Amino acid sequence: MSKNKVLYFYSPTWDRNAMSKMYSVKDECRRVGLDFTAIDVESKKGVEMSIEMSVRNVPTAIIKNTGKIVGVEKGNLIHEIIAKYS
90 MSKNKVLYFY SPTWDRNAMS KMYSVKDECR RVGLDFTAID VESKKGVEMS
140 IEMSVRNVPT AIIKNTGKIV GVEKGNLIHE IIAKYS
């Protein structure tokens with residue numbers, strides 16, 4: 090079985106606590122064995138990816154497995170619920 094991948098969309102310019110939230114999710118992903126990628130929605134690549142995946146609010150975590158989206162979580166408490174995808 091392949092491992093779920095978490096794409097975590099965030100904006101450090103809009104949210105003064107964005108980095109601490111991102112690190113909380115990253116640490117929890119590491120703890121439960123999920124792959125983690127942080128995507129700054131203000132970078133060129135982040136803008137493209139957020140449009141492609143219809144991300145309208147940050148923070149948002151998109152969970153993918155073998156290229157398919159298996160979950161979308163939004164809000165400040167993603168780190169508390171992300172383990173259900175492990």
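Residue numbers (the working numbering): 90 to 175. Built from N, CA and C at the ideal position, the CB exists for glycine as well. No experiment lies behind these values; they were computed from the predicted model shown.
According to the DSSP assignment, Y112 belongs to the alpha helix (DSSP H) that extends over A107 to V121. The Cβ neighbour count for E117, taken over all protein chains shown within 10 Å, is at least 16; the residue is labelled buried. For secondary structure counted as the alpha helix (DSSP H) over 4 or more consecutive residues, the segment 118–147 holds these complete runs in sequence order: 133–141. Boundaries of the alpha helix (DSSP H) around I167: I167 to I170.
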